[in-house]
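Let me begin by presenting the structure, written as structure tokens, before commenting on it.
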Amino acid sequence: TAAPNGRIGLWLSVAGSGFSAGLGVDDSDGTERSTLRAIPANAWTWVEWNLADAAAWNAWVGGNGTITAANVTLDAIWLQRAHTTYTVNVHLDEVRWTPN
Numbered sequence: 300t301a302a303p304n305g306r307i308g309l310w311l312s313v314a315g316s317g318f319s320a321g322l323g324v325d326d327s328d329g330t331e332r333s334t335l336r337a338i339p340a341n342a343w344t345w346v347e348w349n350l351a352d353a354a355a356w357n358a359w360v361g362g363n364g365t366i367t368a369a370n371v372t373l374d375a376i377w378l379q380r381a382h383t384t385y386t387v388n389v390h391l392d393e394v395r396w397t398p399n
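In the working numbering, the protein residues as written are 300 to 399.
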């Protein structure tokens, strides 16, 4: 659980190109989905989203596209990439909330 006046981020390392990451956050009216962040191949990359930045969030399941609750919960981490016929390893580390 985190307050909406901060940022949620994580470290990612992917062994393939074309990856992007996003978050799902539960707040008072449903779940909001973040914009996607590109993840370069073969490098540890810090990605984060500002909970107070309306441009970083879109309405998803029951949500309104804005983080409005006094406390929110991280619901999901989405990793997206075009389909391939080979396995790609993904490493994730240190998911954290940081106050603004």
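We put the CB at the ideal spot given by N, CA and C, even for glycine. Quick caveat, the model's predicted, so the values are computed rather than measured.
Considered as a whole, the region 302-328 harbours 305-313, 318-326 as its complete beta strand (DSSP E) runs of no fewer than 3 residues, in chain order.
The straight-line gap separating the alpha-carbon atoms of residue 398 and residue 343 is approximately 23 Å. Distance from the CA of residue 332 to the CA of residue 321, rounded to the nearest whole angstrom, comes to 7 Å. Beyond the five residues adjoining it in sequence on each side, residue 392 comes within less than 6 Å, by CB distance, of 310 in the same chain, given in chain order. Straight-line spacing of the CA atoms in residue 336 and residue 312 works out to 13 Å. Annotation for residue 304: 350, 351, 398, 399 place their beta carbon closer than 8 Å to its own, counting only its chain and skipping 5 residues before and after.
Here residue 355 carries a helix assignment [DSSP, helix/strand/coil]. Sequence-distant partners of residue 367 (beyond 5 residues in either direction) whose C-beta falls short of 8 Å from its own C-beta, in its chain, are 303, 326, 327, 328. Under a 10 Å Cβ-count criterion, residue 361 is classified as exposed, with fewer than 16 other Cβ atoms of the shown protein chains found around its own Cβ.
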